[in-house]
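Residue numbers (our numbering): 263 to 871.
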């Protein structure tokens, strides 16, 4: 028995380790790799795994963990600020898509009860696929990511009344007349219990465990917390995902939030991968082989109809034009909760088992198709959309200022604020849309664009600019910008930020002489403060910093001609270190002769004392 379990684990891990990297390298994403790995080892592949239902049940814990961790990132105030997109956008999406899919099914002659169950079930999207894709692409903070998350959260809530609706459609309303109200009462009772537990008990327990210094106990409690919430929600027939998400939100302001995230993140990643593999294994390809045209036609119809509705609704959801198609493709598939809705319908005898199997196959294929559709989007649509956006942004930039700042992160912002305070106009270019939106709220003229594009720089007025400040984070992009500007505007003054010594030398190679190493001055000033705390007088500490600055620049320039000769660089570094020590010692002797003392009259201490 144990050996069989270990053998199955070997199959899971081996399939994932081989196929997921191949899928990533092919540009198809990790999700499709996991789905393919599951199909390969499942009943319709190599038949290495048989108990697919058990695997799917266990792996759903990965989705639960993901929502718990997302909840930890959202404070209650932030969640409250999302009430409009959650209930407004989410409610509109479920109702509109569900109604249209139901009407389409009825138009094809399907019984209205079956059509309603199928339409509502397929209006739900895959929480696992959407959130995993957004996380993989780092698009969660984007407008499309925020809208997707809000809609998914409402879908988790909406799954509860959908499941409660099934017995009513079966004609057993008398037996379950109070079922709907009882679910609401249970939901409120459970949420109140979670609120009380989260506010009054969790933090003291975690504080007690933290004092033990045993991290494994903290991890064990984190898992116990999530599993306990799952059991509580399951015992009253409510959504596990909704309960764990709510618990995460209640703990979002806890001082142990980051510890919980770091402890649970590895489990989430593994179980989420296992969930996608279980979905791939559970696909009943027998239904596909028996009715290939019907299943494929329904899958394509679902993706087209749902995608078109979502694309149209993206206008109302305040999603920018360049992200609307991505949003529609990302949310167009069916979701995990559809399996639960269809399973409940089979138990209530609203759906026949073969009808449910076909619908499950359609949902599964739509989930498999999503990574492929996004791959096609990346290769075909995204480049055109980016090109059109860049042209629109270039056309918008008509201001002309004497200084252009490329990159407006922490380094560039300080320069921009200094210039603005002295009433010197600056034009700022940055590639982070969220950063741009924030800075514009503070009154900065910041424009989106790739600063290495000459046409964008010309639209920003580089032809009349006095200076270009390069404060880009990426060293390669910084050098590419220097090359582009030097070719067209060789006389323009360029001031640049150097990330490290190698970047410094590369800028010198390109004729840039006004260079500032990003952390050098701040580190030097802090070092002088350390000397003062050790008893050095203020004047002596500042003099030591000045000596170090001068000598460091001298050593840097001496090594510049030998940057490819590592032995020579090491030799110069050793020589420079000895010279610096001698200079500092001489300076210390001079201070000693003058009787200089520390700030409190204490004789200076240190290497030269």
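Yeah, the Cβ is synthetic: ideal placement off N, Cα and C, and Gly gets one too. No experiment lies behind these values; they were computed from the predicted model shown.
query                                                                                                                        : result
Contact under 9 Å by Cβ, residue 723 with residue 666                                                                        : yes
Cβ contact (3+ pairs, closer than 8 Å) linking the region 337-356 and the region 537-555                                     : no
Local conformation of residue 821 per DSSP, three classes                                                                    : helix
For residue 372, the three-state DSSP class (helix, strand or coil)                                                          : coil
Residue closest to residue 325, alpha-carbon to alpha-carbon, out of 820, 418 and 768                                        : 418
Contact the region 373-392 vs the region 591-598: 3+ CB pairs below 8 Å                                                      : yes
Distance between residue 375 and residue 494 (C-alpha atoms, nearest Å)                                                      : 31 Å
Residue 612 versus 427, 823 and 329, residue with shortest Cα-Cα distance                                                    : 427
Nonlocal neighbours in the same chain, by C-beta distance under 7 Å from residue 274, ignoring five residues either side     : 536 and 539
Cβ neighbour criterion (16 or more within 10 Å) applied to residue 601                                                       : buried
Endpoints, the alpha helix (DSSP H) within which residue 551 is located                                                      : 547-552
Where residue 618 falls, given that 16 or more other Cβ within 10 Å makes a residue buried                                   : buried
Identity of the residue in 664, 542 and 641 nearest residue 622 by Cα                                                        : 542
Cα-Cα separation between residue 485 and residue 371, rounded to whole angstroms                                             : 48 Å
Three-state secondary structure (DSSP) of residue 488                                                                        : helix
CA nearest to the CA of residue 691, picked from 400, 423, 529 and 668                                                       : 668
Backbone CA spacing between residue 270 and residue 276 [nearest angstrom]                                                   : 10 Å
Where residue 714 sits in the DSSP three-state scheme                                                                        : coil
Residues near residue 284 in its chain [Cβ-Cβ closer than 8 Å; skip 5 each side]                                             : 295
Residue 410 beta carbon less than 9 Å from that of residue 396                                                               : yes
Cutoff 6 Å; reference residue 299; Cβ partners in own chain excluding five residues on either side                           : 277, 278, 281 and 539
Residues that residue 756 bridges to, as DSSP identifies them                                                                : 730
Inter-stretch contact (C-beta, 8 Å, three-pair minimum) for the region 732-741 and the region 766-785                        : yes
Residues of its chain near residue 502, where Cβ-Cβ distance is below 6 Å and the 5 sequence neighbours each way are ignored : 326, 492 and 495
Residue 349 versus residue 420 - alpha carbon distance                                                                       : 10 Å
Pick from 628, 512, 778 and 810 that is closest to residue 793, judged by C-alpha positions                                  : 810
Run of the beta strand (DSSP E) containing residue 685, from where it starts to where it stops                               : Element bounds for residue 685: n/a, residue is neither H nor E.
Sheet register partners of residue 778 (DSSP bridge)                                                                         : 759
C-beta contact flag for residue 464 and residue 513 at 9 Å                                                                   : yes
Inter-stretch contact (C-beta, 8 Å, three-pair minimum) for the region 451-458 and the region 505-512                        : yes
Residues that residue 665 bridges to, as DSSP identifies them                                                                : 688 and 729
Own chain, CB closer than 7 Å to residue 519, minus 5 neighbours either side, in chain order                                 : 334 and 513
Ranges of the alpha helix (DSSP H) found wholly within the region 512-586, counting only runs of at least 4                  : 519-544, 547-552 and 554-576
Boundaries (first-last residue) of the alpha helix (DSSP H) holding residue 344                                              : Element bounds for residue 344: n/a, residue is neither H nor E.
Own chain residues within Cβ distance below 7 Å of residue 547, not counting five before or after                            : 306
Straight-line gap, residue 642 to residue 633 (C-alpha atoms, nearest Å)                                                     : 14 Å
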